[in-house]
Structures are given as C-alpha cells and as structure tokens.
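Contents: one structure, followed by commentary.
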C-alpha cells in the first residue's frame with residue numbers, strides 16, 4: 001500500500017470515529033452552551049491537541065505497552081472514569097446556564113484556558129482513545145512507514161478533529177440553538193451531567209482486551 005492510500009484509509013476510519021458522539025462531543029457541547037462560543041472552540045482545540053499525544057506515544061510504541069499492561073490500562077481507565085463522573089456531577093448540580101452572545105466572553109466568568117484543559121483531559125483520559133489509536137495504527141499503518149510520516153498522520157488527525165468540533169461549537173452557539181438551550185434551562189445541565197456520568201461508568205467498565 002502506498003503512503004497516500006495508507007493515509008486515506010487511516011483518515012476514513014478516523015473520520016467515522018470523530019463524528020460519532022461521545023465524551024468529546026459532550027464536553028464541547030457543554031463548554032459551548034454554558035460558557036460561550038470561544039470556550040467551545042478552545043475545548044475543540046484541546047480535544048484536537050490531545051490527539052498529538054495519542055499519536056506520539058502510539059508511534060513510539062508506548063501505546064502498545066499501555067494497551068497490553070493491565071496495571072497501566074487500569075490506571076488510565078479509572079482516572080478517565082473519575083474525571084468524566086466529576087464533570088458530570090458538576091454539570092448536574094450547576095444552575096441554569098447564562099448564555100453569552102456568540103463571540104463574546106465575560107472576563108469575570110472563568111479563565112478560558114480551563115476550556116482548553118477540559119477538552120484535552122477529556123480526550124487524554126479516555127482509554128478508548130488509547131485502544132483506538134493502537135489498533136488503528138497497527139492495522140493500517142505499515143511498520144516500514146517513516147516515523148516522521150506517521151506523526152504527520154497524527155497531526156492531520158488532530159487538525160481534522162479540532163476543525164470538526166469547532167464547527168460543532170459554532171453550530172451550538174447560533175441564535176436558534178442558544179434560544180433552545182435557554183428554554184431548556186437547568187434541565188440541559190442535568191441531562192449533560194447524566195450523559196457524562198454514564199460515559200464515565202462506561203469507561204470504568206472498559207476492558208483492555
């Protein structure tokens with residue numbers, strides 16, 4: 001298989017996984033709705049940047065070790081589960097969101113870098129991402145493909161994921177979407193909280209094999 005065909009195959013599978021709703025989607029959605037468009041976009045960038053880490057350790061072979069080490073996988077699994085459940089509880093107990101205008105930000109609300117961090121940690125602490133990258137690269141990417149090119153694949157995937165969730169953040173902060181979320185009031189936070197808690201419990205039950 002040529003490098004071009006390899007890259008296209010890799011991206012085709014990755015794109016299907018990227019648009020499938022999960023913890024990353026729930027994270028970007030909540031940041032966008034509760035804290036505004038810029039927060040949602042920063043969360044999207046955080047999710048995308050985490051892909052660089054996954055790609056890095058996968059290319060170096062560390063991901064294979066984590067995927068096959070019961071202790072390492074369990075640590076990542078429980079850290080990820082605890083983090084998602086913590087986010088879910090915070091969301092469930094939060095008051096009704098006060099929605100800023102698209103493209104605006106209240107400096108007193110919270111530092112925007114928190115959205116970047118939340119997005120990155122949501123993806124990094126998901127053991128499913130580790131298993132996905134290890135299986136994806138080991139199945140599609142040839143061992144003879146230069147490491148620099150393999151990491152280039154990861155950069156492309158990071159950019160695509162960040163772009164996708166940026167689109168999601170923008171769509172969720174349009175006037176019509178904001179009005180719908182405003183009508184939902186506190187029920188939005190409760191629903192999002194339950195989704196995040198459910199995802200955390202799902203991660204806790206994840207097996208390495």
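In UniProt numbering, the protein residues as written are 1 to 209.
Using N, Cα and C, we set each Cβ at its ideal position, and we do this for glycine too.
None of these values were measured; they are calculated from a predicted model.
Residue i versus residue j: straight-line alpha-carbon distance, rounded
i           : j           : result
residue 34  : residue 179 : 13 Å
residue 196 : residue 83  : 9 Å
residue 54  : residue 74  : 17 Å
residue 116 : residue 164 : 15 Å
residue 215 : residue 162 : Beyond the ends of the chain as shown, which are 1 and 209, falls residue 215; an answer cannot be given.
residue 132 : residue 2   : 22 Å
residue 146 : residue 70  : 29 Å
For residue i, the three-state DSSP class (helix, strand or coil)
i           : result
residue 111 : coil
residue 152 : helix
residue 127 : helix
residue 205 : coil
residue 69  : coil
residue 168 : helix
residue 138 : helix
residue 2   : coil
residue 122 : helix
residue 117 : helix
residue 192 : helix
Residue burial classification, residue i (beta-carbon count within 10 angstroms, cutoff 16)
i           : result
residue 8   : exposed
residue 5   : exposed
residue 194 : exposed
residue 90  : exposed
residue 39  : buried
Proximity test, residue i beta-carbon vs the ligand ATP heavy atom, cut-off 6 Å
i           : result
residue 136 : No copy of the ligand ATP appears in this structure; indeed no ligand is present at all.
(message) Quick test of the definition: if touching needs 3 or more C-beta pairs under 8 Å, does the stretch 40-59 touch the stretch 113-125?
(response) yes
(request) Output the residue ranges of the alpha helix (DSSP H) runs that lie fully inside the stretch 12-84 and measure 4 residues or longer, sorted by chain position. (result) 23-35, 37-59, 62-68
(request) Would you check if there are 3 or more beta carbon pairs closer than 8 Å linking the stretch 155-169 to the stretch 15-34? (result) yes
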